[in-house]
Amino acid sequence: MGSTPLSVVAVKAKLSLIWKDLSKWGIISLGKGFFEFTFSTLEDVRRVRSIPLWNLNPGMLKLFAWSKDFNPKMQHNTSVQVWVKFFGLSQEYWQKNILFTIASSLGTPICIDSVTARPMHERTFGQFARVLVDMDMSQPLRYK
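In my numbering, the protein residues as written are 19 to 162.
So, in structure tokens, the structure goes:
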């Protein structure tokens, strides 16, 4: 979620707005930016887990299944979210699906920035398109 993890109170407040249709759920801080969630129904677990990254604005919440003997102090995170700039793209390629296809060669695309997302007739900037990409830094970087 960034260099300073959100507090459990802040995460709960943000997710309460996003998950307002869910049954009763809870959150516990495990330290080092990790949280454990509990849900009332298996259907709610499935709904939440169907989206691996949640935008908490600011910050991203990345979900993964619980593993036995999980210890936050033993976790080595190699995943980072990076704003990638694509220079020299013709304006017709500034569509979310096309940008996500291009960005998927680097990692998992999360979102495009607000300027890139504007319709062409509302843009005043066009030097580069930006996509937020979740990248695994344990893998070699691609430069081409």
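The beta carbon of each residue, even a glycine, is placed where N, CA and C say it ideally should be.
* To do: Would you mind sorting residue 130 into buried or exposed? The rule is 16 or more other CB atoms within 10 Å of its CB.
  => For the purposes of this step, residue 130 is taken as residue 112 along the sequence shown, with counting starting at 1. It counts as buried.
* Whole angstroms is fine: what's the gap from residue 69's alpha carbon to residue 122's? => Residue 69 sits at position 51 when you count from the first residue of the sequence shown. Residue 122 sits at position 104 when you count from the first residue of the sequence shown. The alpha-carbon atoms of residue 69 and residue 122 are separated by roughly 16 Å.
* Can you tell me which of 98, 147 and 54 puts its alpha carbon nearest to the alpha carbon of residue 82? => Counting from one through the sequence shown, the residue named residue 82 turns up at place 64. Closest option to residue 82, Cα to Cα, is 54.
* Under the three-state reduction of DSSP, which class applies to residue 19: helix, strand or coil? -> Position 1 of the sequence shown, counting from 1, holds the residue named residue 19. Summary for residue 19: the model assigns pLDDT 41, below 50, so the residue's position carries little reliability; its value from the coordinates is reported in the next sentence. It is coil, neither helix nor strand.
* Asked: What is the rounded straight-line gap between the Cα of residue 20 and the Cα of residue 98?
  -> As a working note, residue 20 is residue 2 in the sequence shown. As a working note, residue 98 is residue 80 in the sequence shown. Any reading at residue 20 must be qualified, since the residue scores a pLDDT of 47, below 50, and its modelled position is unreliable; no value is offered.
* **Cα-Cα separation, residue 150 to residue 101** => Sequence index remark: in the sequence shown, residue 150 carries index 132 (1-based). Sequence index remark: in the sequence shown, residue 101 carries index 83 (1-based). Roughly 4 Å between the two C-alpha positions.
* Asked: Which class does residue 126 belong to by DSSP, given the choice of helix, strand or coil?
  -> Translated into the one-based positions of the sequence shown, residue 126 becomes position 108. Note: residue 126 maps to strand in three-state DSSP.
* Asked: If you run the structure through DSSP and keep just helix, strand and coil, what is residue 28?
  -> Translated into the one-based positions of the sequence shown, residue 28 becomes position 10. Looking at residue 28 - three-state DSSP - the assignment turns out to be helix.
* Does the Cβ-Cβ distance between residue 90 and residue 50 come in under 8 Å? -> If you number the sequence shown from 1, residue 90 lands on position 72. If you number the sequence shown from 1, residue 50 lands on position 32. Taking 8 Å as the Cβ cut-off, residue 90 and residue 50 qualify as a contacting pair.
* Asked: What's the C-alpha gap between residue 63 and residue 34?
  -> Working through the sequence shown from its first residue, we reach residue 63 at position 45. Working through the sequence shown from its first residue, we reach residue 34 at position 16. Using only the alpha carbons, I get a separation of about 15 Å.
* Asked: For residue 157, which option in 112, 75, 124 and 93 has the closest C-alpha, if you only look at C-alpha atoms?
  -> To locate residue 157, count along the sequence shown from 1; it is residue 139. For residue 157, the nearest C-alpha among the options comes from 124.
* Asked: Tell me the DSSP bridge mates of residue 153?
  -> Numbered from 1 along the sequence shown, position 135 holds the residue referred to as residue 153. Per DSSP, 98.
* **Closest residue to residue 112 among 85, 87, 94 and 141 (Cα-Cα distance)** => In the sequence shown, counting from the first residue as 1, residue 112 sits at position 94. Nearest of 85, 87, 94 and 141 to residue 112, Cα basis: 141.
* C-beta atoms of residue 74 and residue 40 nearer than 8 Å -> If you number the sequence shown from 1, residue 74 lands on position 56. If you number the sequence shown from 1, residue 40 lands on position 22. Their beta carbons are not under 8 Å apart, which means residue 74 does not touch residue 40 by this criterion.
* beta strand (DSSP E) segments (min. 3 residues) lying fully within the segment 32-116 -> 43-49, 52-57, 71-73, 78-80 and 97-105
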